[in-house]
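Colleague: Residue numbers (my numbering), protein chains in the order written: chain A, 795 to 1202; chain B, 534 to 756.
To start, I am sharing the structure in question, which I have written as structure tokens.
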Amino acid sequence: MKFLFSLSLKNIIRYKKRTILTFLILSFGIAFYIWMDSFIDGLNEQSFDNVINFETSHFKIQSEKYDEDKPFSEDNFMNNYKEVVTALEGTDFIESHTTRIKFPAELDNSIDSTPCLVIGIDQEQDKKVFILPEFIEEGSLKPGCAMIGKKLAASMDVKVGDFIYITFREAKGMFNSIEMEVSGIVFSPDPGTNNSTVFINLSEAKEFLNTEGVTEIAIKTNNRDKYKKYKVALQKSIPDYKIQSWIDMSQNFLAISKMKKKFSFIFVYFIIIIALVGIINTMLMSVLEKKREIGTMKALGFTDGDILKMFIFEGAIIGVLGSIFGIILSIILNWYFVEHGIDMTTMMEGFGTDNMGYKIIGIAKSTWSIKPMINSIIICVIASVAASYYPAKQATKLQPVECLRTIQ
Amino acid sequence: MFLEVTDINKTYYAGKVPFQALHDITLDITKGEFTALAGPSGSGKTTLLNIIGCIDKPDNGEVFIDGELLTEKNSDELAFYRREHFGFIFQTYNLIPILTAFENVELPLRILKQYSKSQSKDMVMQILKKVGLEGLENRKPLELSGGQQQRVSIARALVKNPKLILADEPTANLDLETGETIVDLMKGMNDEDNVTFIFSTHDELILKHAKRVIRLRDGRVIN
Ligand SMILES: Nc1ncnc2c1ncn2[C@@H]1O[C@H](COP(=O)(O)OP(=O)(O)O)[C@@H](O)[C@H]1O
Ligand SMILES: [Mg+2]
């Protein structure tokens, strides 16, 4: 065994250029695959962080009859939200909570108008759950004023200090139109917020809508991964409300990100296939070139099994070393993207306003994942062993003299 | 009787056209013989040696060594038999190019797995010395002359003390002088250690060194 293994090793270093080329193709293919996988995971992770920190929090509690499609229905408002908050007081896993009012409106700059979403926030509480303040690019949300998304501001041609009109239906169904000064601009990773959101103070939102209620309570827990358990607990303490976890709220994003990952991988699969064809080619040549040696070895008393093992070792060594080298390469490559990341601003702009669906602005960073590394070792070793098995098996089927007759 | 070959026939097919290379070959070899298979090119020498060495199969007929019927064995059994009892010397040497002279000679011992590392080292060095390659053991085949390569291949065939050495035209790729020293070397081993040799040649000058000559013509024994 050990002896056959050392013969395989010697055979591998025999054709240095070819071996190095095969190794490099294999390693680069693997490095690229691992890096791509880690980077997409990183994008998704960051997107989730942003969505949670900005839009969904860990849990959203709404009135049981809440219906997104009937924004002015009184049923959408929780007038007794203070009771809910009291009921949840003392729940050990809740770290903080805030209340928000969301309602649709028309935004008017006295020339054009466009639909927008108005969010009333309690600034003191809100920053304990969300990280909106970190995304304020200019100004702040002042009393009696509005803070709007950057893209929305650009498309409506308004700046800090300009006035806008928002027109909406209040909770009782009456139309209302309000003039507000823009006191802040938000540049958020969430395309929706950027493109069409207006933030105002919660107390003013209540006034405008003529309501005592809010549309949602956002909750931050001590561990977002325990969302299943926590949801059950929440449902127990406040059974008459609609409770959604961040996972419930991200179903679309999850599905899309999975699909995108698959799509990105078509390219990676292509590279890996090229690498595998390289191994198969190398092994085929290796067997064909050694046909006469195989004959000699058979004459010396090597069994068919010995010969087969020798080539399978050869394939396995190429596979193992190639994948290890590929993993090392990928670690170097990925390290840069984990530490420094890449500035997506310009890149994403090229893809229009939706950031390719990733909820990221600015620097996107990769992450470390073990799964693609293990995958590549398994894929490579199986593939290279399979690639060496077939030609070697063919060679063992021949009579020793048939191998020896080969002219070289 | 040591080696008995009875009624061997072998037909090759070039496409669909049959060509009978051996006709009813029957012969005996006793232990310690130094026998030449002589005959012009195409007379069937290689075919016969391959069948005796069990690296090719006859259409019918039998090969016995020490009463053991070899033509019945399967390919693994034959591999084990060759490993232990046969030594091959080829016209084209057939050394493994990535291995040094030492490693080439060591190869049969490595697969035999009967000797320790140091035992086999001694055996290899001793046989290399005997064939006159002392000091060249670390050279690769391509760094050796034809005559030296054939010496390595003789050492490789002899190192495990096999029952029978089969040498197919061992001198055909060498000039006459080198060829004669190679045959002398084999003969010396036959004299000293009583190793049984069968070698083929179409060269009458080399034949002079044989102790017994079996002549083949058109696939038949003619003497
Ligand atoms: N694989 C083969 N296919 C067809 N004919 C063969 C094959 N090997 C040998 N022969 C033929 O068989 C005859 C004997 O060949 P061989 O044993 O090699 O003779 P020798 O070694 O005496 O030159 C030759 O006529 C040769 O052409
Ligand atoms: Mg011949």
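Built from N, CA and C at the ideal position, the CB exists for glycine as well.
Could you please give the first and the last residue of the uninterrupted beta strand (DSSP E) stretch that includes A:C910?
Modeller: Taking the first residue of the first sequence as 1, we reach residue 910 of chain A at position 116. 907 to 915 is the span of the beta strand (DSSP E), which, as asked, contains A:C910.
Colleague: For chain B, check one thing: does any of its Cβ atoms lie closer than 7 angstroms to the Cβ of A:E1087?
Modeller: To locate residue 1087 of chain A, count along the first sequence from 1; it is residue 293. Yes - at least one Cβ of chain B is within 7 angstroms of the one on A:E1087.
Colleague: Using CA atoms only, rank isn't needed, just tell me which of A:W1162, A:I1171, A:S1182, A:P927 is closest to A:D835.
Modeller: Residue 835 of chain A sits at position 41 when you count from the first residue of the first sequence. When only C-alpha atoms are compared, the closest one is A:W1162.
Colleague: Am I right that A:R812 and A:T1076 are in contact with their C-beta atoms under 8 angstroms? What's the rounded C-beta distance?
Modeller: Residue numbering aside, residue 812 of chain A sits at position 18 when the first sequence is read from its first letter. Residue numbering aside, residue 1076 of chain A sits at position 282 when the first sequence is read from its first letter. Rounded, the Cβ-Cβ distance is 6 angstroms, consistent with contact.
Colleague: Below 6 angstroms, is the gap between the Cβ of A:T1190 and the nearest heavy atom of ligand 2?
Modeller: As a first step, residue 1190 of chain A must be located in the first sequence, where it is residue number 396. Because no heavy atom of ligand 2 lies under 6 angstroms away, the Cβ of A:T1190 does not count as near it: no.
Colleague: Mind listing, in chain order, the residues whose beta carbon lies closer than 6 angstroms to a non-hydrogen atom of ligand 1?
Modeller: That query returns the following residues: B:Y545, B:A547, B:F552, B:A554, B:G572, B:S574, B:G575, B:S576, B:G577, B:K578, B:T579, B:T580.
Colleague: Could you tell me whether any non-hydrogen atom of ligand 4 is closer than 6 angstroms to the CB of B:N593?
Modeller: Of the ligands one can find in the structure shown, namely ligand 1 and ligand 2, none is ligand 4.
Colleague: Using the three-state DSSP reduction, which class does B:F567 fall into: helix, strand or coil?
Modeller: Working through the second sequence from its first residue, we reach residue 567 of chain B at position 34. In this structure, B:F567 counts as strand in the three-state DSSP scheme.
Colleague: Taking Cβ positions only, does A:K1022 come closer than 7 angstroms to chain B?
Modeller: Residue mapping note: residue 1022 of chain A aligns to position 228 of the first sequence, counting from 1. A:K1022 does not count as touching chain B.
Colleague: Shortest alpha-carbon distance to B:C587 belongs to which of B:F621, B:V550, B:Q659, B:V664?
Modeller: Here the question's residue 587 of chain B lines up with position 54 in the second sequence. Taking only the C-alpha atoms, the option nearest B:C587 is B:F621.
Colleague: Since A:K1128 contacts A:S821 with CB under 8 angstroms, what's their CB separation in whole angstroms?
Modeller: For the purposes of this step, residue 1128 of chain A is taken as residue 334 along the first sequence, with counting starting at 1. For the purposes of this step, residue 821 of chain A is taken as residue 27 along the first sequence, with counting starting at 1. Sequence inspection shows Asn at residue 1128 of chain A; the Lys mentioned does not correspond to that position. The pair is not a contact, with the Cβ atoms about 14 angstroms apart (cut-off 8 angstroms).
Colleague: Helix, strand or coil for B:E725, going by three-state DSSP, please let me know.
Modeller: Your numbering for residue 725 of chain B matches position 192 in the second sequence. Correct three-state label for B:E725: helix.
Colleague: What is the DSSP secondary structure of B:Q553, counted as helix, strand or coil?
Modeller: One-based indexing of the second sequence puts residue 553 of chain B at position 20. Note: B:Q553 maps to strand in three-state DSSP.
Colleague: Would you mind working out which of A:I819, A:S907, A:K944, A:Y959 sits nearest A:G1113, comparing C-alpha positions?
Modeller: To locate residue 1113 of chain A, count along the first sequence from 1; it is residue 319. Checked all of A:I819, A:S907, A:K944, A:Y959; the closest Cα to A:G1113 is A:I819.
Colleague: On the three-state DSSP scale, how would you describe A:F799?
Modeller: In the first sequence, residue 799 of chain A corresponds to position 5, counting from 1. Three-state result, A:F799: helix.
Colleague: Check A:K1056 in the structure and name its three-state DSSP category.
Modeller: By one-based count along the first sequence, residue 1056 of chain A stands at place 262. In the structure shown, A:K1056 sits in a helix (DSSP, three-state: H, G or I).
Colleague: How would you write the range of the alpha helix (DSSP H) that A:N873 sits in, first residue to last?
Modeller: Looking up residue 873 of chain A in the first sequence gives position 79. Per DSSP, A:N873 belongs to no alpha helix (DSSP H) and is neither H nor E.
Colleague: Spell out whether any CB of chain A is found under 7 angstroms from the CB atom of B:A523.
Modeller: The requested residue 523 of chain B does not occur in the structure, where chain B is confined to residues 534 to 756.
Colleague: So, are the CB atoms of A:A1189 and A:I1088 less than 7 angstroms apart?
Modeller: Mapped onto the first sequence, residue 1189 of chain A falls at position 395. Mapped onto the first sequence, residue 1088 of chain A falls at position 294. Yes, the Cβ-Cβ distance between A:A1189 and A:I1088 is below 7 angstroms.
Colleague: Using Cβ-Cβ distances below 8 angstroms, what residues of the stretch 584 to 595 of chain B are close to chain A?
Modeller: Against chain A - using a Cβ distance shorter than 8 angstroms - the residues of the stretch 584 to 595 of chain B are G586, I588, D589, K590.
Colleague: For B:R616, return the contacting residues in chain A, with the cut-off set at a CB-CB distance below 9 angstroms.
Modeller: As a position in the second sequence, residue 616 of chain B is number 83, starting the count at 1. Near B:R616 (Cβ distances below 9 angstroms), the residues of chain A are L1094, G1095, F1096, T1097.
Colleague: Report the rounded CA-to-CA distance for A:S939 versus A:I979, giving the unit in angstroms.
Modeller: As a first step, residue 939 of chain A is located in the first sequence; it is residue number 145 there, counting from the start. As a first step, residue 979 of chain A is located in the first sequence; it is residue number 185 there, counting from the start. Per the sequence presented here, residue 939 of chain A reads as Cys, with Ser not at that position. Answer to the nearest angstrom: the Cα atoms are 11 angstroms apart.
Colleague: Taking Cβ positions only, does B:R643 come closer than 7 angstroms to chain A?
Modeller: By 1-based counting over the second sequence, the position of residue 643 of chain B is 110. It does; some Cβ of chain A falls within 7 angstroms.
Colleague: So the candidates are B:K696, B:Q652, B:V685, B:T563; which of them puts its Cα closest to the Cα of B:E667?
Modeller: Within the second sequence, residue 667 of chain B is the residue found at index 134, counting from 1. It is B:V685 whose Cα lies nearest to the Cα of B:E667.
Colleague: Report the residues of the stretch 836 to 849 of chain A with a CB closer than 8 angstroms to any CB of chain B, ordered along the chain.
Modeller: Cβ contacts with chain B: none found.
Colleague: I want to verify the contact list: residues of chain A whose CB lies under 7 angstroms from the CB of B:S653, in sequence order.
Modeller: Position 120 of the second sequence holds residue 653 of chain B. Those do not exist, as B:S653 stays about 11 angstroms from chain A at its closest Cβ, beyond 7 angstroms.
Colleague: Which residues does DSSP list as the beta-bridge partners of A:V980?
Modeller: Along the first sequence, read from residue 1 onward, the residue named residue 980 of chain A stands at position 186. Partner(s): A:I930, A:G943.
Colleague: For B:N627, return the contacting residues in chain A, with the cut-off set at a CB-CB distance below 9 angstroms.
Modeller: For the purposes of this step, residue 627 of chain B is identified with residue 94 of the second sequence, where counting begins at 1. Those are R1086, E1087, G1089, T1090, A1093, L1198, listed as they occur along chain A.
Colleague: Any beta-carbon of chain E closer than 7 angstroms to the one on A:F797?
Modeller: No chain E is part of this structure, whose protein chains are labelled A and B.
Colleague: Would you kindly report the start and end of the unbroken beta strand (DSSP E) that includes B:L699?
Modeller: Position 166 of the second sequence, counted from the first residue, corresponds to residue 699 of chain B. Its beta strand (DSSP E) spans residues 697 to 701.
Colleague: Within its chain, find whatever has a CB closer than 7 angstroms to the CB of B:T559; leave out the 5 residues flanking it on each side and keep chain order.
Modeller: Residue 559 of chain B sits at position 26 when you count from the first residue of the second sequence. So the list reads V538, T539, D540, once near-sequence residues are dropped.
Colleague: So which residues on chain A does B:L640 lean against when the C-beta distance must stay under 7 angstroms?
Modeller: Taking the second sequence and counting its residues from 1, one reaches residue 640 of chain B at position 107. Within chain A, the residues near B:L640 are L1094.
Colleague: Does the stretch 992 to 1007 of chain A touch the stretch 1020 to 1033 of chain A, meaning 3 or more C-beta pairs lie closer than 8 angstroms?
Modeller: No: the two stretches stay apart, fewer than three of their Cβ pairs being nearer than 8 angstroms.
Colleague: Alpha carbon to alpha carbon, how far is A:S802 from B:R689? Give it in angstroms, no decimals.
Modeller: If you number the second sequence from 1, residue 689 of chain B lands on position 156. If you number the first sequence from 1, residue 802 of chain A lands on position 8. Going by the C-alpha atoms only, they are around 20 angstroms apart.
Colleague: Determine, for B:D609, whether the minimum Cβ-Cβ distance to residues of chain A falls below 7 angstroms.
Modeller: Taking the second sequence and counting its residues from 1, one reaches residue 609 of chain B at position 76. Yes, its Cβ sits closer than 7 angstroms to a Cβ of chain A.
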